[in-house]
Structures are given as structure tokens and as C-alpha cells.
Ligand SMILES: Nc1ncnc2c1ncn2[C@@H]1O[C@H](COP(=O)(O)OP(=O)(O)OP(=O)(O)O)[C@@H](O)[C@H]1O
């Protein structure tokens with residue numbers, strides 16, 4: 178049995194469109210160690226989201242997917258959700274707008290359990306939620322009783338991140354989670370993301386179009402092109418990598 182956090186073997190995704198067959202993920206082999214923070218680059222249409230969908234079980238894929246030592250290939254997306262948490266680009270996804278920040282967080286803590294949200298549970302969790310939200314230093318801790326829809330995009334994305342990590346997922350998928358934010362808020366969320374990943378010893382994959390973030394964060398960088406894994410830089414190679422070195426993939 179492998180002690181890797183993620184193993185993909187010959188993972189391919191083929192779609193049929195207008196009598197044509199197109200391979201949008203092509204024989205991807207990838208092994209990720211526990212605690213790795215892998216940044217994922219590639220042009221539009223390179224297959225980055227398809228890779229995430231194949232891992233999460235949102236798309237039919239051939240090949241084999243192993244998460245936390247378990248072969249999950251035959252499991253659907255709902256069954257794989259036990260291992261995976263994902264944060265999307267859109268601040269509206271991932272949080273329930275009419276519910277308060279505290280309610281969203283408590284729901285995330287009990288994700289997958291057949292229990293309803295009770296006032297007592299909310300009150301019991303409050304001190305811990307307050308402390309966690311305070312780490313984000315963007316005012317989230319003062320908004321625990323506010324409906325989530327009244328939050329700024331940055332606050333909502335930090336809430337989505339905090340919700341995603343509540344149950345220490347075996348794999349955190351960050352799907353351009355800073356893309357909709359202004360540069361300052363994006364930088365703030367990236368710093369928080371990095372801290373949360375390190376503190377909780379999470380394994381994470383992060384898609385980004387911000388090359389500087391891909392270089393600055395994480396201990397491994399991969400590049401996808403036409404559905405293939407085109408480059409794979411380990412920590413040592415990544416440390417030497419410069420923006421210019423990556424431009425060849427984006428001409
Ligand atoms: N369900 C689908 N059916 C048909 N084609 C698809 C499907 N999903 C993705 N594609 C196509 O597969 C290719 C890869 O798409 P994907 O969304 O994975 O790229 P990406 O690297 O995430 O791009 P972006 O940076 O624009 O988000 C694209 O050409 C896209 O149009």
C-alpha cells in the first residue's frame with residue numbers, strides 16, 4: 178500500500194462532442210506526498226479543472242485514483258467528498274448566503290453527518306470559531322452572526338477556506354480561489370491559505386493563473402498543456418525557477 182496522499186495512474190478523460198472524440202486529460206500519472214502543496218499552472222483549456230474534476234469524481238475518467246491510501250476509482254463525487262474539500266473561484270459557491278458565518282462554519286464541522294444545526298451546538302462552538310476567524314484578521318470574527326451574503330468577496334473566500342479545512346481533508350483542492358479578488362485581498366488570502374495549509378499539515382493542489390503565486394507558494398509546481406502533464410518541478414527545482422522559465426509554456 179502506498180503512503181502517498183494522492184496517486185493518479187493513467188488518468189484520462191475523453192469527451193464526445195458533435196460526433197468527435199476529444200481527450201481533455203491524457204494519461205496523467207501523478208503521486209503527491211502528504212503535506213505537499215502543489216501549484217498548478219497551464220493556459221486556458223489546458224485541463225487544470227478537468228484534473229480536479231477527475232480527482233474529485235465529478236467527471237468520468239479512466240485510470241486509477243487513490244486518496245489517502247484508498248482506491249477511490251469506483252466512488253462517485255459524494256463518496257469521495259469524505260477525502261476532499263474544494264474551494265472555487267466564485268465567492269458565492271461553497272457558502273450558504275442566507276445563513277450566518279457561524280452557522281456555515283458549524284455546518285462545515287459536521288459535514289457528512291445526519292444532524293441538523295442546533296442552537297446549543299452553535300453556542301458551544303462559538304469560542305473556537307471566534308478564535309479561528311480572528312486569525313484571518315479581515316474582520317470575519319466580528320461577523321459571526323451576519324448573513325454570509327453581506328460579506329465582501331475576500332471575507333467570503335476566507336470563510337470558504339476556513340469551512341473547507343474544518344474537517345482536515347486528506348486533500349484540499351484550491352480552484353483559482355483568489356482569481357475574483359483584487360490584488361491586495363488576493364495576496365492576503367494567499368498568505369492565509371499558506372498558513373492554514375502549514376499549520377494543519379494539509380496536502381493541497383492549487384490552480385492559479387498568477388504565476389508569481391505559483392512560484393512563491395508551495396513546494397512543488399506542475400504545468401499542464403493539452404491535457405498532459407508537461408512539467409513537474411520538485412522543491413529544489415522550484416526554488417531555482419524564475420518567471421521567465423515558465424513563459425515558454427504560455428506563448
Ligand atoms: N464536460 C466537458 N465536455 C466537453 N469539453 C470539456 C468538458 N470539460 C472541459 N472541456 C474542455 O476540455 C478542455 C480543458 O478544460 P479545463 O476547464 O479543464 O481547462 P482549464 O485548464 O481549467 O482552463 P481555464 O484556465 O480556462 O479554467 C477545454 O478545451 C474545455 O473546453
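In the numbering used here, the protein residues as written are 178 to 428.
Glycine included, every Cβ here is placed at the ideal spot set by N, Cα and C.
Here the structure is a predicted model, which means the values were calculated and not measured.
* Tell me which same chain residues have a C-beta within less than 8 Å of the C-beta of residue 178, skipping the five on either side of it? -> Locating residue 178 in the chain shown gives position 1, counting from the first residue. In this prediction, residue 178 scores a pLDDT of 48, lower than 50, which makes its location untrustworthy; the coordinate-derived value is nonetheless stated afterwards. 246.
* Specify the secondary structure class of residue 347 as computed by DSSP and reduced to three states. => Indexing the chain shown from 1 puts residue 347 at position 170. Correct three-state label for residue 347: coil.
* Drop a sphere of 10 angstroms on the beta-carbon of residue 289, count the other beta-carbons inside from all chains shown, and report buried for 16 or more, exposed for fewer. => For the purposes of this step, residue 289 is identified with residue 112 of the chain shown, where counting begins at 1. Exposed, because fewer than 16 other Cβ atoms sit within 10 Å of the Cβ of residue 289.
* To do: May I ask which residues mark the beginning and end of the alpha helix (DSSP H) holding residue 331?
  => Working through the chain shown from its first residue, we reach residue 331 at position 154. Segment 330 to 342, the alpha helix (DSSP H) holding residue 331.
* Asked: Would the beta-carbon of residue 362 fall within 9 Å of that of residue 331?
  -> Taking the first residue of the chain shown as position 1, residue 362 is located at position 185. Taking the first residue of the chain shown as position 1, residue 331 is located at position 154. Cβ atoms of residue 362 and residue 331: closer than 9 Å.
* To do: Just the C-alpha distance for residue 322 and residue 284, rounded to the nearest angstrom, thanks.
  => Within the chain shown, the letter at position 145 stands for residue 322. Within the chain shown, the letter at position 107 stands for residue 284. Going from the Cα of residue 322 to the Cα of residue 284 covers about 14 Å.
* Could you give the residue range of the alpha helix (DSSP H) that holds residue 390? -> Here the question's residue 390 lines up with position 213 in the chain shown. Residues 388 to 393.
* Through-space distance from residue 416 to residue 299, alpha-carbon basis -> The residue given as residue 299 occupies position 122 in the chain shown. The residue given as residue 416 occupies position 239 in the chain shown. Between residue 299 and residue 416, the C-alpha separation is close to 44 Å.
* To do: Give every residue whose Cβ lies closer than 6 Å to any heavy atom of ligand 1, listed in chain order.
  => 192, 194, 201, 219, 221, 222, 223, 224, 225, 226, 227
* To do: Check whether the Cβ atoms of residue 215 and residue 204 lie closer than 9 Å to each other.
  => Taking the chain shown and counting its residues from 1, one reaches residue 215 at position 38. Taking the chain shown and counting its residues from 1, one reaches residue 204 at position 27. No, the pair does not count as a contact, with Cβ atoms beyond the cut-off.
* Spatial distance of residue 376 from residue 401 (CA atoms) -> One-based indexing of the chain shown puts residue 376 at position 199. One-based indexing of the chain shown puts residue 401 at position 224. Going by the C-alpha atoms only, they are around 28 Å apart.
* Asked: Considering only C-alpha positions, which residue in the set 421, 252, 369 is nearest to residue 388?
  -> Here residue 388 refers to the residue found at position 211 when the chain shown is read from its first residue. Of the listed residues, the one whose Cα sits closest to residue 388 is 421.
* Continuous alpha helix (DSSP H) assignments of at least 4 residues falling wholly in the segment 255 to 337 -> Segments of the alpha helix (DSSP H) lying fully in the segment 255 to 337: 278 to 286, 296 to 311.
* beta strand (DSSP E) segment containing residue 381, residue limits -> For the purposes of this step, residue 381 is identified with residue 204 of the chain shown, where counting begins at 1. Where residue 381 is concerned, the enclosing beta strand (DSSP E) stretches over 381 to 384.
* Asked: In three-state DSSP terms, what is residue 377?
  -> To locate residue 377, count along the chain shown from 1; it is residue 200. DSSP places residue 377 in coil when its eight states are reduced to three.
* Where residue 423 falls: helix, strand or coil (DSSP) -> Position 246 of the chain shown, counted from the first residue, corresponds to residue 423. Residue 423 falls in the helix class under three-state DSSP.
* Helix, strand or coil for residue 248 per DSSP? -> As a working note, residue 248 is residue 71 in the chain shown. Strand at residue 248.
* To do: Verify whether the separation of the beta carbon atoms of residue 244 and residue 190 is less than 9 Å.
  => By 1-based counting over the chain shown, the position of residue 244 is 67. By 1-based counting over the chain shown, the position of residue 190 is 13. No; because the gap between Cβ atoms is not below 9 Å, this pair is not in contact.
* Would residue 343 pass as a contact of residue 282 if the rule is Cβ separation under 9 Å? -> Counted from its first residue, the chain shown places residue 343 at position 166. Counted from its first residue, the chain shown places residue 282 at position 105. Taking 9 Å as the Cβ cut-off, residue 343 and residue 282 qualify as a contacting pair.
* Endpoints, the beta strand (DSSP E) within which residue 440 is located -> Residue 440 lies beyond the stretch modelled for the chain, which goes from 178 to 428, so this question has no answer here.
* **residue 358: first and last residue of the uninterrupted beta strand (DSSP E) it sits in** => Here residue 358 corresponds to residue number 181 of the chain shown, with the count starting at 1. No beta strand (DSSP E) contains residue 358, which DSSP labels as neither H nor E.
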